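Residue numbers (our numbering): 91 to 458.
Here you go:
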């Protein structure tokens with residue numbers, strides 16, 4: 091099974107790297123069951139520098155012996171009992187995974203090992219994005235794009251629209267869409283942070299690459315985004331391809347947008363357990379981050395309306411001010427650069443119908 095297959099088919103993976111390595115970035119289908127703890131890995135690494143590889147290996151066997159060794163093997167076999175199809179890997183598919191594979195074999199398990207380890211799986215993800223490069227750039231970077239080239243031939247569509255029109259709601263209903271904001275765990279605006287925080291940049295890129303590998307069909311639809319979603323950046327060639335794609339423009343009247351923003355940014359978080367105090371603090375912090383662009387006087391006015399909204403339950407005032415003073419002018423400016431690419435515009439029902447009706451008639455178009 092190729093690395094692309096392992097990732098696209100959601101094959102369960104046991105990541106043997108230390109917790110700190112795993113935390114920097116892994117794959118959605120991977121669980122961290124390390125051979126070495128962070129402290130053990132640091133101790134062995136120091137010894138390797140001072141006394142060489144053989145001394146470091148001996149120390150590793152000393153640290154992971156007896157009950158410690160038994161507990162590590164049990165954590166792997168417990169997972170393999172639930173997921174017998176799982177593969178194992180370490181950083182380069184070398185010593186750590188070879189040792190784990192040997193110990194598992196002694197315990198009666200023939201676990202498959204990813205040749206090249208995490209680095210090869212990670213490179214597979216990077217190749218997905220490199221395959222989107224223009225032909226000259228792809229040649230200069232040496233991008234092979236194995237398994238990823240079909241995405242270049244897809245017809246890309248960007249769903250755009252003012253803040254609050256409900257773009258994400260439409261994206262969620264489309265089988266040939268990739269939800270960038272869901273992967274980034276951020277709605278893309280200054281107020282778009284989720285309570286749980288965002289993934290690491292590497293984890294985000296890996297998840298996006300895997301969703302791309304899984305994508306089927308001649309069209310790929312994404313929501314209009316800037317290069318950054320929260321603190322995460324879209325890969326260069328992915329975002330560049332979005333800037334070339336035709337645009338479908340979703341429109342909605344201001345009262346409907348205000349209602350949608352209230353539901354998504356106030357009512358839903360409160361219903362999901364966020365306290366009013368915590369939500370007010372989060373929104374005030376977001377408001378403070380845009381003070382310079384909003385202007386001091388308007389920032390103060392929105393702030394007063396925000397506090398009043400949480401004290402009286404009337405949130406429409408601060409939402410309308412933010413939309414008309416901040417988001418709409420910014421959107422109108424950005425739309426000027428996209429006007430020539432707009433191929434359809436309308437309300438939610440019309441846009442859904444257009445996207446569904448055009449699914450069968452729109453043939454793939456190569457990138458310009």
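Here a beta-carbon is modelled for each residue, glycine too, at the ideal position from N, C-alpha and C. Computed from a prediction, not measured in an experiment: that's the story for all the values here.
Taking C-alpha atoms, which residue in 121, 218, 269 and 331 lies nearest to residue 170? Between residue 170 and the set 121, 218, 269 and 331, the nearest pair of CA atoms involves 121.
Residue 244 versus residue 396: straight-line alpha-carbon distance, rounded: For residue 244 and residue 396, the distance between alpha carbons rounds to 44 Å.
Whether or not the stretch 93 to 107 and the stretch 299 to 308 are in contact is what I'm after, with contact meaning three or more pairs of Cβ atoms, one per stretch, closer than 8 Å; do they touch? These segments touch.
With distances taken Cα to Cα, identify the nearest neighbour of residue 223 among 241, 212 and 206. Selected option, being the one with the closest Cα: 241.
Jot down the residue ranges of each uninterrupted beta strand (DSSP E) in the stretch 341 to 383, minimum 3 residues, whole runs only, in chain order. Within the stretch 341 to 383, no complete beta strand (DSSP E) run reaches 3 residues.
Below 6 Å CB to CB, which residues in the same chain sit around residue 131 once its five sequence neighbours on both sides are set aside? Hits under 6 Å: 108.
Could you work out which residue in 248, 212, 102 and 341 is closest to residue 173 when comparing CA atoms only? Ranking 248, 212, 102 and 341 by Cα distance to residue 173 puts 102 first.
Could you check what DSSP says for residue 246 in three-state terms: helix, strand or coil? Assigned with DSSP and collapsed to three states, residue 246 falls in strand.
Endpoints, the alpha helix (DSSP H) within which residue 179 is located: Counting along the chain, residue 179 falls outside any alpha helix (DSSP H), though it belongs to the beta strand (DSSP E) covering 177 to 179.
Excluding the 5 residues flanking residue 294 on each side, which residues of the same chain have their C-beta closer than 8 Å to its C-beta? Cβ within range, chain order: 273, 274, 288 and 322.
The stretch 406 to 414 in contact with the stretch 374 to 392 per 3-pair CB rule at 8 Å: Touching, yes.
Looking at the unbroken beta strand (DSSP E) that takes in residue 311, where does it start and where does it end? Counting along the chain, the beta strand (DSSP E) containing residue 311 begins and ends at 309 to 313.
Cut-off 6 Å between Cβ atoms - residues of its own chain near residue 232, not counting five sequence neighbours on either side: At residue 232 the pLDDT is 49, less than 50, meaning the model places this residue with poor confidence; the figure from the coordinates comes in the next sentence. Counting only Cβ-Cβ distances below 6 Å, and skipping sequence neighbours, we find nothing.
Applying the criterion that 16 or more other CB atoms from any shown protein chain within 10 Å of the CB defines a buried residue, is residue 93 buried or exposed? The residue in question, residue 93, is buried, as its Cβ has 16 or more Cβ neighbours within 10 Å.
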